[in-house]
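Visitor: Quick one: the structure is below, questions incoming.
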Amino acid sequence: MSQIPFDFDPRPALGGEDFLVAPSNAQAVKWVEMWPNWPRPVLVIVGLEGSGKTHLANVFLAQTGARLITPEDLKLGADKALDGQSAVVLEDIQGFVDAGLSDDLFHLYNLAVEDDKKILMTSNQAPARLSIALKDLSSRLNTATVAEILPPDDALLAALIVKQFSDRQLSVSQDVLDYMMTRMNRSFSGVRDLIKAVDTLALAEKRAITKPLVRRVLSL
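Numbering-wise (this note's numbering), the sequence shown opens with residue 26 and increments by one.
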């Protein structure tokens, strides 16, 4: 396997620390950067576990002064959740629905429209694929702007591996990187789990990160 060119923008997105902007997540980053000039009151960032949804949401919170709304917060009322805020963030829409808060979400959405406020939501699935019994809420969410974070391409996958090793004060050779890339679970969570397992074994055995060590981890 030849060396993979890192065709991505390593800049910190919106001042966020070490968020790697690549074709797979560029759309979501673009929409976050466009705040408050969104065409609709709600932006839903959709992506698999570990794709960076929470990272982007945290960057949005820091840059806009928005408030993070939890299910417990929303139980106190949509009016109170939005009071004094120009924008709010809700992580994991399905979690709010499963907590019995569909009516509250519907009210929150309507208030945002009426008061010209913005809501950033995250979800593992597109709104149309969520299990929402309240048709009014489902209809509202289907009108939201959706920004999908796609599975990582080779360049982003390699960059994520290097970054996560670097976060652990570790380095990896191109030879080992190439070996991992052709054999691992090629997903965001796959990168996280593999790097954690490799680091744990290398630390336990006080060994450098080599192809034989990675091979052992992959065979577990």
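Don't be surprised by glycine CBs; every beta carbon is placed ideally from N, CA and C.
#1: According to the Cβ coordinates, are alanine 151 and valine 171 closer than 7 Å?
#2: Mind pulling the alpha helix (DSSP H) runs of 4 or more residues that sit fully within the segment 181 to 240?
#3: Using 7 Å as the threshold, is the C-beta distance between leucine 162 and leucine 136 below it?
#4: Is glutamine 194 close to the ligand NAD? I mean its beta-carbon at under 6 Å from any heavy atom of the ligand.
#5: Could you pull out every residue in the same chain whose Cβ sits closer than 8 Å to the Cβ of glutamate 74, ignoring the five residues on either side in sequence?
#6: Within a Cβ cutoff of 6 Å, which residues of the same chain sit near glutamine 189, ignoring the five residues on either side of it in sequence?
#7: Checking the sheet assignment: what are the DSSP bridge partners for methionine 146?
#8: Use the C-beta contact count for leucine 228: other C-beta atoms within 10 angstroms, 16 or more gives buried, fewer gives exposed.
#9: Which one of Val242, Pro176, Thr207, Ala169 has the shortest CA to CA distance from alanine 51?
#10: Would the segment 230 to 243 count as touching the segment 88 to 103 if we require 3 or more Cβ pairs under 8 Å?
#11: I'd like the span of the beta strand (DSSP E) that includes arginine 58, first residue to last.
#12: So, under 8 Å CB-CB, aspartate 224 and leucine 195 are touching, yes? Tell me the CB distance rounded to an integer number of Å.
#13: Just the C-alpha distance for phenylalanine 131 and serine 244, rounded to the nearest angstrom, thanks.
Guide: Concretely, from the data shown:
#1: yes
#2: 199 to 206, 213 to 230
#3: no
#4: Of the ligands one can find in the structure shown there are none, so the ligand NAD has no counterpart to examine.
#5: Asn149, Phe213, Ser214
#6: Ile220
#7: Val69, Leu115
#8: exposed
#9: Pro176
#10: no
#11: A quick correction: the sequence has glutamate, not arginine, at residue 58. Glutamate 58 -> not in any beta strand (DSSP E); alpha helix (DSSP H) instead, spanning 51 to 59.
#12: 7 Å
#13: 48 Å
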